[in-house]
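Trainee: Line by line, the protein sequences give chains A and B.
Residue numbers for the first sequence follow my numbering, so the first one is 64 and each next one is one higher.
Residue numbers for the second sequence follow my numbering, so the first one is 64 and each next one is one higher.
Attaching a single structure in structure tokens format; questions to follow.
Number of protein chains: 2
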Amino acid sequence: MKRPTIADIARRAGVTKSAVSFALNGRPGVSQATRDRILAIADELGWQPSSAARALSDGRAGALGLVVDRPARTLGIEPFFIQLISGIEGELAARDVALLLQVTADREAQLGSFRRWWAERRVDGIFLVELHIDDARVELLKELGMPAMVIGGPQGLAGLPGVWNNDMDAVRSVVEYLAALGHRRIARVAGLPELWHTAVRTEAFEARVHELDVAAVTVTTDYSGEQGARATRSLLASAEPPTAIVYDNDIMAVAGLSVAAEMGVAVPDRLSIVAWDDSVLCQLVHPPLTAVSLDIAAYGANVACRLLDLVAGAAAESACNATPVLVPRGSTAPPRERTR
Amino acid sequence: MKRPTIADIARRAGVTKSAVSFALNGRPGVSQATRDRILAIADELGWQPSSAARALSDGRAGALGLVVDRPARTLGIEPFFIQLISGIEGELAARDVALLLQVTADREAQLGSFRRWWAERRVDGIFLVELHIDDARVELLKELGMPAMVIGGPQGLAGLPGVWNNDMDAVRSVVEYLAALGHRRIARVAGLPELWHTAVRTEAFEARVHELDVAAVTVTTDYSGEQGARATRSLLASAEPPTAIVYDNDIMAVAGLSVAAEMGVAVPDRLSIVAWDDSVLCQLVHPPLTAVSLDIAAYGANVACRLLDLVAGAAAESACNATPVLVPRGSTAPPRERTR
DNA sequence: AGGGTTTGAAAAACCGGTTCAGCAGATTTG
DNA sequence: CAAATCTGCTGAACCGGTTTTTCAAACCCT
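Right under this line is the structure:
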């Protein structure tokens, strides 16, 4: 039992392929009676358009692409990507657009994937995540003329539209919260320094601690729990250890919490911990972690919408998605005096 | 600057499209000299085949599909899926096959996705994960005649080929390990009971503890950290609490560890913890968790290879991938007497 | 009644590949 | 030396849609 084509429908309806095409796409050119008859037959036969034929004829793939290149070591842990994909998917599925996913070992491979996807017309556009400062992908995409939407890039990024979150205000509220609790020495265990959003957060962090006259230090890592643990160890072992640490992702925060336990530093009495990127993980550990929370799936849906519009021909527009909010839990408290 | 087609190459080379097609696909029918000339021109023009045209003409999509339907709550945490996808991708990318990913809210939606993907010829075959006992998807796939590879299904699953792991031996070795340490009351916090691999593990577990004359109890959950925590709480609060708990995934094991900390039960002195599905998470917490480890990316690569072969026309064959190995870490030790 | 517009549908071209039948010319074969 | 086979390529059909062009019949207006 072969799958039906519009030619089959045409034969059954006693019309030509063109009439069927017009009818199925709701375009003028066929009478209402004929249209109804064709639709009924299509339905009866269980007809579905061949994505290949459609792609070939109208030039669009009906698919969008996403390439992720986190090293396997850290990739799986962060809920961020799957949540993001989940949000994107919700939007795409509704419009019958597919999502092509690729996981590459390094960034160079991404360039090749973009080229190939575009040359093969596998996708109509792509999502760009983890934007670096001076990102080679941006140039390539502009050169190819490939529609793209930057996820999490800064506002005024040359050339490509994007959707970002108001991390600056969120960082400020974290600093203010800790300062209000009485913390005077705050550390921040940041992610990869070459990422745009790390830079944005660092700048906002440095500025706000300076204004509030709080002593602060920022350590950069590769986002892995291992480096988060190492950074925590050296911070806590220093002469003047911080009384609060802000981590750039949840996995490092959990690692930091373990290090504190291992070193006999009570949380939150001796050390307050704040995690960026909230997830169930933050609520599982003991004490539950105060975190900066954001609805990532909604973020993904938002971005997907915009890329779809862009592909459909809308003007390229950037927008702010939302401001992450601080969710206080058991890992933060006023600092207790060190002597005792 | 339009993207080049084989017609462009043909014109430049002074031959017809057919000759170009033969040359590019390494098929006989053109002389070596002509072939070289055509390849050089194709390379110069940066030609890449249009996936749509190819799909339309030879009937294969050049893509495989994977649908995941874990609820968003638990989805992001487990490294399993991303690692699996990463492994699959490695294999597919080498052969220029794309991976379509869909994240659905419920299982019913999966059926629709399969139908549509197949009807639209979007994919040549699909990976079936999280196989349920009496899974409606199996019937549908057989009805559609869609090539599929079951990931993690049991050996003798009617009709569909699959690749599984030797969980039975792994379960046995865990039980033996704990028994050898001196544990006489072991609990197992299992995953969803309707999943095949849960059933397989449960059966092996029950059988082995019986043989070794160890008291055991199995509690089923939905894999979420929340339910893992709840199960742990009630187990530890019982009259005769277990001295060791085996968790069916890493996230529940971490949750269990937190509950133990919260209840003042020392790990591993009073309670030993074993996690199934090893991940960096297990090494981040304190103490690091003894875990049942498996190279998931390699598993994905293995499965991908087999589905590609199946799609290419090979006979449908099932196979065992590997036996997960127990990695002892700090969360397991001989039980200490309860009185004191 | 005759010329112009509208309507509904047919016919054909096209998208970019693959594949198959056909066909000259060179080479092998009896 | 004629017939059969092989080689290297051409021309055309085909995959399943979309889109443009063409065309006949119906309708409209003095």
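Using N, Cα and C, we set each Cβ at its ideal position, and we do this for glycine too.
Source: prediction; values computed, not measured.
#1: Consult DSSP for G225(B) and reduce its assignment to one of helix, strand or coil.
#2: Whose C-beta lies closer than 7 Å to the C-beta of T402(A) among residues of the same chain, with five residues either side of it excluded?
#3: Using DSSP with H/G/I as helix, E/B as strand and the rest coil, what is Y362(A)?
#4: Taking only beta-carbon positions, decide if L119(B) is within less than 8 Å of chain A.
#5: Roughly how many angstroms lie between the CA atoms of I308(B) and V252(B), to the nearest whole one?
#6: Helix, strand or coil for H195(A), going by three-state DSSP, please let me know.
#7: Leaving aside the five residues before and after K80(B) along the sequence, list all residues of the same chain whose C-beta is less than 7 Å from its C-beta, in chain order.
#8: For A318(B) versus T283(B), is the C-beta spacing smaller than 8 Å?
#9: Please check if any C-beta of chain A sits within less than 8 Å of the C-beta of G188(B).
#10: Compare the C-beta of A105(B) with all C-beta atoms of chain A and state if any pair is closer than 8 Å.
#11: Can you look up W180(B) in the DSSP assignment and give me helix, strand or coil?
#12: When you compare only the Cα positions, how much space is there between V78(B) and G92(B)?
#13: Can we say the region 324-340 of chain A touches the region 239-246 of chain A, given the rule of at least three CB pairs closer than 8 Å?
#14: How big is the Cα-Cα spacing for A168(B) and M315(A)?
#15: Please name the residue in Y362(A), R392(A), P397(A), T395(A) whose C-alpha comes closest to that of V226(A).
#16: Rounded to the nearest angstrom, how far is the Cβ of L204(B) from that of R185(B), given a contact under 8 Å?
#17: Are the beta-carbon atoms belonging to D358(A) and V390(A) less than 8 Å from one another?
#18: Residue ranges of each beta strand (DSSP E) run of no fewer than 3 residues wholly in the region 276-301 of chain A, ordered along the chain?
#19: Can you name the residues of chain A whose CB is closer than 7 Å to the CB of P112(B)?
#20: Just how far apart, CA to CA, sit E171(B) and G222(B)?
#21: Helix, strand or coil for W259(B)? Go by DSSP, reduced to three states.
#22: Would you tell me roughly how many angstroms separate the C-alpha atoms of I104(B) and Q111(B), rounded to the nearest one?
#23: Closer than 7 Å, Cβ to Cβ, to anything on chain A: give me those residues from the region 147-164 of chain B, in chain order.
#24: Using a Cβ cut-off of 8 Å, which residues of the region 333-367 of chain B contact any Cβ in chain A, in chain order?
#25: For F85(A) and chain B, any beta-carbon pair shorter than 8 Å?
#26: Name the two residues that bound the continuous beta strand (DSSP E) containing G109(B).
#27: Using three-state DSSP, classify V253(A) as helix, strand or coil.
#28: Closest by CA to M231(A), which one among F268(A), L207(A), W259(A)?
#29: Do you know how far the Cα of D198(A) is from the Cα of L258(A)?
#30: Please list, in chain order, all residues of the same chain as C368(A) whose beta carbon is under 8 Å from its beta carbon, the five residues on each side excluded.
#31: For T353(B), which residues of its own chain have a beta-carbon under 6 Å away from its beta-carbon, when the five flanking residues on both sides are left out?
#32: Counting only runs that start and end within the region 299-328 of chain A, where is the alpha helix (DSSP H) found for 4 or more residues in a row?
#33: Would you verify that the beta carbon of V166(A) is, or is not, closer than 8 Å to some beta carbon of chain B?
#34: Using the rule of at least 16 other Cβ atoms within 10 Å of the residue's Cβ for burial, across every protein chain shown, is I196(B) buried or exposed?
#35: With a cut-off of 8 Å, does the C-beta of G245(A) fall near any C-beta of chain B?
Mentor: Reading off the structure:
#1: As a working mapping, residue 225(B) is identified with position 162 in the second sequence. Correct three-state label for G225(B): strand.
#2: Position 339 of the first sequence holds residue 402(A). Residue placement at T402(A) is flagged as unreliable, the pLDDT there being 47, under the threshold of 50; the coordinate-derived value follows with that caveat. For T402(A), where only same-chain residues beyond five positions count, there are no Cβ hits under 7 Å.
#3: The sequence position of residue 362(A) within the first sequence is 299, counting from 1. Y362(A) falls in the helix class under three-state DSSP.
#4: Within the second sequence, numbered from 1, the residue matching residue 119(B) stands at position 56. Cβ-Cβ to chain A under 8 Å: yes for L119(B).
#5: In the second sequence, counting from the first residue as 1, residue 308(B) sits at position 245. In the second sequence, counting from the first residue as 1, residue 252(B) sits at position 189. Straight-line Cα distance between these residues: approximately 7 Å.
#6: Walking along the first sequence from the start, residue 195(A) turns up at place 132. Three-state DSSP puts H195(A) in a strand.
#7: Looking up residue 80(B) in the second sequence gives position 17. Around K80(B): I69, A70, A73.
#8: Translated into positions along the second sequence, residue 318(B) becomes position 255. Translated into positions along the second sequence, residue 283(B) becomes position 220. The answer is no: Cβ separation not under 8 Å.
#9: In the second sequence, residue 188(B) corresponds to position 125, counting from 1. Under the Cβ distance rule, G188(B) does not count among the residues neighbouring chain A, no pair being separated by less than 8 Å.
#10: For the purposes of this step, residue 105(B) is taken as residue 42 along the second sequence, with counting starting at 1. For A105(B), the answer is no, since every Cβ of chain A falls outside 8 Å of its Cβ.
#11: Translated into the one-based positions of the second sequence, residue 180(B) becomes position 117. In this structure, W180(B) counts as helix in the three-state DSSP scheme.
#12: Indexing the second sequence from 1 puts residue 78(B) at position 15. Indexing the second sequence from 1 puts residue 92(B) at position 29. V78(B) and G92(B) have their C-alpha atoms roughly 12 Å apart.
#13: yes
#14: As a working note, residue 168(B) is residue 105 in the second sequence. As a working note, residue 315(A) is residue 252 in the first sequence. Their Cα atoms are separated by approximately 29 Å.
#15: Within the first sequence, numbered from 1, the residue matching residue 226(A) stands at position 163. Out of Y362(A), R392(A), P397(A), T395(A), Y362(A) has the C-alpha closest to the C-alpha of V226(A).
#16: Within the second sequence, residue 204(B) is the residue found at index 141, counting from 1. Within the second sequence, residue 185(B) is the residue found at index 122, counting from 1. Not a contact, Cβ separation roughly 15 Å.
#17: For this step, residue 358(A) is matched to residue 295 along the first sequence. For this step, residue 390(A) is matched to residue 327 along the first sequence. No, Cβ-Cβ distance for D358(A) and V390(A) is not below 8 Å.
#18: 278-283
#19: Mapped onto the second sequence, residue 112(B) falls at position 49. Within chain A, the residues placing a beta-carbon under 7 Å from that of P112(B) are E183, ordered along the chain.
#20: For the purposes of this step, residue 171(B) is identified with residue 108 of the second sequence, where counting begins at 1. For the purposes of this step, residue 222(B) is identified with residue 159 of the second sequence, where counting begins at 1. So the two alpha carbons sit approximately 21 Å from each other.
#21: As a position in the second sequence, residue 259(B) is number 196, starting the count at 1. Helix, per DSSP.
#22: Along the second sequence, read from residue 1 onward, the residue named residue 104(B) stands at position 41. Along the second sequence, read from residue 1 onward, the residue named residue 111(B) stands at position 48. Between I104(B) and Q111(B), the C-alpha separation is close to 12 Å.
#23: I148, S149, E152, A156, A161, L162, L163, L164
#24: S342, V343, L344, Q346, L347, V348, H349, A360
#25: As a first step, residue 85(A) must be located in the first sequence, where it is residue number 22. Not an interface residue.
#26: The residue labelled residue 109(B) in the question sits at position 46 within the second sequence. Bounds of any beta strand (DSSP E) do not take in G109(B), whose DSSP letter is neither H nor E.
#27: Along the first sequence, one-based indexing puts residue 253(A) at 190. The sequence as given places Ala at residue 253(A); Val does not occur at that position. If DSSP states are grouped into helix, strand and coil, A253(A) belongs with the strands.
#28: Counting from 1 along the first sequence, the entry for residue 231(A) is found at position 168. Taking only the C-alpha atoms, the option nearest M231(A) is F268(A).
#29: Taking the first sequence and counting its residues from 1, the one referred to as residue 258(A) is at position 195. Taking the first sequence and counting its residues from 1, the one referred to as residue 198(A) is at position 135. Spanning the two alpha carbons is a distance of roughly 9 Å.
#30: Looking up residue 368(A) in the first sequence gives position 305. For C368(A), the CB contacts under 8 Å within the same chain, skipping 5 residues up- and downstream, are E154 in chain order.
#31: Translated into the one-based positions of the second sequence, residue 353(B) becomes position 290. Correct list, in chain order: V337, P391, R392, S394, T395.
#32: Within the region 299-328 of chain A, the complete alpha helix (DSSP H) runs of at least 4 residues are 313-325.
#33: Position 103 of the first sequence, counting from 1, holds the residue named residue 166(A). Closer than 8 Å: yes.
#34: Against the second sequence, residue 196(B) aligns to sequence position 133. Exposed.
#35: Indexing the first sequence from 1 puts residue 245(A) at position 182. No, no contact with chain B.
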